[in-house]
Amino acid sequence: MRERMSSLVWSPIRGFVALFIAAIVLGAAAVAATFALLVATLFFNAGGLIFQALVAGIKVLGPVIVALVILTSGVLGFCRSANA
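Every letter in the sequence shown is one number past the one before it in our numbering, and letter 2, counting from 1, is 24.
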């Protein structure tokens, strides 16, 4: 009889311990998944930001580079005609 009473006491304690451990494991998994999503979001947003910065830089600096090439070829052509 004594063994049976102790098993009735230990059964709820084992259940609560199992639920507590499961809650800790699931909570840790949820925190890890949250941080993984946060890192992935920051990574992809940073990649998109870098891509947008490159496109904007090309749009802004493209005409400047073309103008420099035209002016350089014009100055070189002027110097050649002056030396000839």
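The beta-carbon is built from N, C-alpha and C at its ideal position, and this holds for glycine as well.
Near the ligand MG: residue i beta-carbon under 7 angstroms from a heavy atom
i	result
residue 74	Among the components of this structure there are no ligands whatsoever, and the ligand MG is therefore not found.
Proximity test, Cβ basis, 8 angstroms: residue i and chain B
i	result
residue 90	The structure shown contains no chain B; it is built from a single protein chain.
Distance, residue j Cα to residue i Cα
i	j	result
residue 96	residue 66	44 angstroms
residue 46	residue 69	34 angstroms
residue 86	residue 101	22 angstroms
residue 55	residue 63	12 angstroms
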